[in-house]
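Numbering (my numbering), first residue to last: 148 to 301.
All C-beta atoms, glycine included, are put in the ideal place defined by N, C-alpha and C.
Remarks on the structure that follows.
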């Protein structure tokens, strides 16, 4: 990932917290449209390169809505989702309206990635770290299996 730590775009601020861990905060009182999430998707892809990334979306103290087109796109059509590069998505939520919107999103759009809601940043990071370690283990197992297969062909 590039060394760039913070990216400001019209709809959000994206921050690289550590390698493979991104943090996004959408603008408060903002209606996120398809064009906005496509721009976020491009930024995420640029930051991810060929790596799997884990994302924290912080909505604490915010109220942001997403159009149905934006929600559909986020659930299944982003580059990271299609390339299976989104290892996990943690939503930080501290309000009932945002919790209701998150529940609606997961029930209606059924995202193709691991998504979980948290009240505290620390809990979100622990969960994402666990997912990252699990992904690294399974990736290592695949590499070992491929090596054994290559050796048996020799």
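Handout entry: Enclosing alpha helix (DSSP H) for residue 160 [first to last residue]
Key = Note, residue 160: premise wrong, no alpha helix (DSSP H); beta strand (DSSP E) at 159-165.
Exercise for the section: Could you tell me which residues DSSP pairs with residue 205 in its beta bridges? Expected result: 239
Practice task
Answer with buried or exposed for residue 251, where buried requires no fewer than 16 other C-beta atoms within 10 angstroms of its C-beta.
Solution key: exposed
Practice task
Give, in chain order, every unbroken run of the beta strand (DSSP E) that is at least 3 residues long and sits entirely within the region 217-273.
Solution key: 233-239, 262-265
Practice task
Please report the residue range of the beta strand (DSSP E) in which residue 155 lies.
Solution key: 153-155
Practice task
Reducing DSSP to helix, strand and coil, say where residue 213 ends up.
Solution key: strand
Exercise for the section: State yes or no: is the C-beta of residue 202 within less than 9 Å of the C-beta of residue 235? Expected result: yes
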